[in-house]
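Student: One structure follows; several queries about it will come next.
Chains as they are written, first to last, in this note's numbering: chain A, 1054 to 1276; chain B, 666 to 894.
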């Protein structure tokens, strides 16, 4: 049977996400948030999730709805600050000690995921050395400079947003939509993409920004 | 030329005068972003944004806003000619790999050895936000800080040792404030420019680290620029 990664709905695409899953969510600054998939995951309601997402709260993302719904045990992110004067849903739970936080420098965040998808178990980076985010981590000196050992991250599920796809799962992004999507797709067991449109024809190879080999399911959503 | 302390747009103007053709420049969220508005017209630079935009153009006009085209501060922007967009891991490889010539960053504190504190003010009831600050501070070839010389309460921000949590160690190369331009050298802080009416003693009184003054220390001047309402 020919390959066809198109799923009938977001709910179908996420039907086998289990309790305790580590979920990668793409998106940065308003671009590339897979909000339809996030809401479908909320409706499915798996518990004790670990979210790996740049921002625990962002005004253009629905990530906070997973947290408000009590589905999240831990957040790994680079930004855990809300936008309003009062605490965000995340900040409230965090201050009450009911949700775990791992705050990671953004380049280390993306590289840990990249390493997870590239067969690299850990790597040394100069970033974070001498700061509290590197406390307790192994430090090694190379050519006179100190580096911190960081561990790769892998996910059970990656939710990414792209512009177009084809039946093979090849993805193309608009402008800054790409952000964490490609690396997250490489490091998760199951990658689901929501896209504005699935092309009828195979995507021309020079337009493919993420090869479909990294994408398992594709859902078309209203733009 | 006035001898009043520079306002934040005048400080941004002063930083812009030091940016040269061919540089790849990252402008931090807040005050640094304004530097792009004052680049000299003959200077041709690419502005890098952590989310992968290489060649950020001016903010998008209201009728051209595209929610997929944003910079690291979530501003809706445009692209300059010759721009490209990469994913986050490539963007940070660009930063870590030393391909950013200058990062212009805001700061709370800078120490005499170049240590930078600019990411965590220890705000009560607020979660931490590190973003790309540590990557840029640790790995840009030059790190220029733009900030007020003292806090709102009048305490120095240039210190022997930072009090707030560090962003990176020994990284800052130059500080632009409302009162002075200060180089951070292996021998400590060296004042390159200061307000003409401000004595060395007065500047030292507002600074929490030892200051040396360059032999050719110049007056710090900027054109009048009004702050927006």
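Even for Gly, the Cβ is constructed at its ideal location relative to N, Cα and C.
Closer than 7 Å between beta carbons: that is the criterion. Which residues of the segment 1249-1262 of chain A meet it against chain B?
Tutor: So the list is empty, because no residue satisfies the distance condition.
Student: What in chain A is Cβ-close to residue 804 (chain B), meaning under 7 Å?
Tutor: What residue 804 (chain B) touches in chain A: 1179 and 1180.
Student: Would you list the one or two residues that DSSP bridges to residue 1078 (chain A)?
Tutor: In the DSSP output, where bridge partners are listed per residue, residue 1078 (chain A) has A:1106 and A:1212.
Student: By Cβ distance below 8 Å, which residues in the same chain neighbour residue 729 (chain B) in space, the five residues on each side in sequence not counted?
Tutor: The residues are 743.
Student: Does chain A have any CB closer than 8 Å to the CB of residue 689 (chain B)?
Tutor: Chain A, which has no Cβ nearer than 8 Å to the Cβ of residue 689 (chain B), makes this no.
Student: Straight-line CA distance for residue 1167 (chain A) to residue 1239 (chain A)?
Tutor: Going by the C-alpha atoms only, they are around 7 Å apart.
Student: Which residue spans inside the segment 708-789 of chain B form an unbroken alpha helix (DSSP H) run of at least 4?
Tutor: Whole alpha helix (DSSP H) segments, 4+ residues: 753-761.
Student: Checking contacts by CB at 8 Å: is residue 790 (chain B) closer than that to chain A?
Tutor: Interface residue, yes.
Student: Is residue 1186 (chain A) closer than 8 Å to residue 619 (chain B) when the C-beta atoms are compared?
Tutor: Any question about residue 619 (chain B) goes unanswered here, given that chain B covers just 666 to 894.
Student: Does the beta carbon of residue 858 (chain B) sit closer than 8 Å to a beta carbon anywhere in chain A?
Tutor: Chain A contact via Cβ: absent.
Student: Determine which residues of the segment 1124-1135 of chain A have a Cβ less than 8 Å from any Cβ of chain B, and write them out in chain order.
Tutor: Per Cβ criterion, the list reads 1131, 1132, 1133, 1134 and 1135.
Student: Is it the case that the Cβ atoms of residue 761 (chain B) and residue 1178 (chain A) are separated by a distance below 8 Å?
Tutor: Result yes, Cβ atoms of residue 761 (chain B) and residue 1178 (chain A) sit closer than 8 Å.
Student: Applying the 10 Å Cβ sphere with the 16-neighbour rule, what's the burial state of residue 1107 (chain A)?
Tutor: Its Cβ being crowded by 16 or more others within 10 Å, residue 1107 (chain A) is buried.
Student: Who are residue 876 (chain B)'s beta bridge partners in DSSP?
Tutor: Answer is B:854, bridged to residue 876 (chain B).
Student: Quick check: is the beta carbon of residue 666 (chain B) nearer than 8 Å to any beta carbon in chain A?
Tutor: Per-residue confidence for residue 666 (chain B) stands at a pLDDT of 46, beneath the threshold of 50, marking its modelled position as unreliable; no derived number is given.
Student: Measuring only the C-alpha atoms, how far is residue 666 (chain B) from residue 840 (chain B)?
Tutor: Note on residue 666 (chain B): pLDDT 46, under 50, position unreliable in the model; no value is reported.
Student: Please state whether DSSP places residue 1059 (chain A) in a helix, a strand or coil.
Tutor: It is a strand residue.
Student: From the DSSP output, which residues share a beta bridge with residue 1204 (chain A)?
Tutor: A:1175.
Student: With 16 other CB atoms within 10 Å as the buried threshold, where does residue 682 (chain B) fall?
Tutor: Exposed, because fewer than 16 other Cβ atoms sit within 10 Å of the Cβ of residue 682 (chain B).
Student: Flag this pair as touching only if the segment 784-800 of chain B and the segment 1132-1149 of chain A have three or more C-beta atom pairs under 8 Å; answer yes or no.
Tutor: Yes, since at least three Cβ pairs between the segment 784-800 of chain B and the segment 1132-1149 of chain A fall closer than 8 Å, the two stretches touch.
Student: Answer yes or no: does any C-beta atom of chain A fall closer than 8 Å to that of residue 757 (chain B)?
Tutor: Yes, residue 757 (chain B) lies at the interface with chain A (some Cβ there is under 8 Å from its Cβ).
Student: Need the endpoints of the alpha helix (DSSP H) that residue 1116 (chain A) sits in, please.
Tutor: 1116-1121 is the span of the alpha helix (DSSP H), which, as asked, contains residue 1116 (chain A).
Student: Please report the distance separating the alpha-carbon of residue 722 (chain B) from that of residue 736 (chain B).
Tutor: Computed Cα separation, rounded: 10 Å.
Student: Quick check: is the beta carbon of residue 1077 (chain A) nearer than 8 Å to any beta carbon in chain B?
Tutor: No, no contact with chain B.
Student: Would you list, in chain order, the members of the segment 1217-1235 of chain A that have their beta-carbon closer than 9 Å to a beta-carbon of chain B?
Tutor: Here the close residues are 1226, 1227, 1228, 1229, 1230, 1231, 1232, 1233, 1234 and 1235.
Student: Taking C-alpha atoms, which residue in B:668, B:796, B:774 and B:815 lies nearest to residue 809 (chain B)?
Tutor: Nearest C-alpha to residue 809 (chain B): B:774.
Student: Is any beta-carbon of chain B found at less than 8 Å from that of residue 1167 (chain A)?
Tutor: Yes, its Cβ sits closer than 8 Å to a Cβ of chain B.
Student: Tell me the rounded alpha-carbon separation between residue 1213 (chain A) and residue 718 (chain B).
Tutor: If I take the Cα positions, the gap works out to 19 Å.
Student: For residue 677 (chain B), which option in B:686, B:769, B:759 and B:732 has the closest C-alpha, if you only look at C-alpha atoms?
Tutor: Of the candidates B:686, B:769, B:759 and B:732, the one whose C-alpha sits nearest the C-alpha of residue 677 (chain B) is B:769.
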